[in-house]
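Last residue of the sequence shown? That's 464 in the working numbering, and every number before it is there in order. Don't be surprised by glycine CBs; every beta carbon is placed ideally from N, CA and C. Every value quoted in this text rests on a predicted model; they were computed, and no experiment measured them. Encoded as structure tokens, the structure appears first; notes follow it.
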Amino acid sequence: MRSNEKQAAIAGAIGLTFGAVSVWITSDSFVAALATVVIGASLGTVAVLLIRSYTNSHQ
Numbered sequence: 406m407r408s409n410e411k412q413a414a415i416a417g418a419i420g421l422t423f424g425a426v427s428v429w430i431t432s433d434s435f436v437a438a439l440a441t442v443v444i445g446a447s448l449g450t451v452a453v454l455l456i457r458s459y460t461n462s463h464q
């Protein structure tokens, strides 16, 4: 993993955590917070894969 990928992953994890906590507080639903984490993690994974394939093809 390159350093920019690590930074993107860390930023995504921090964003997911804050998002899930805020959803949990506002909706008072642990399931909604969990769904936020799962959806965010999937989108983050897709984004990292897209970035990786883009950087690999442009070297």
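Tell me which residue opens and which closes the alpha helix (DSSP H) that ARG407 is part of. ARG407 -> no alpha helix (DSSP H), and no H or E assigned at all.
What are the boundary residues of the alpha helix (DSSP H) that SER462 is part of? 435 to 462
Taking the Cβ atom as the reference point for each residue, do ALA425 and VAL453 lie within a distance shorter than 8 Å? no
Within 8 Å, strictly: CB atoms of GLU410 and ILE456: yes
Distance between ALA416 and VAL436 (C-alpha atoms, nearest Å): 23 Å
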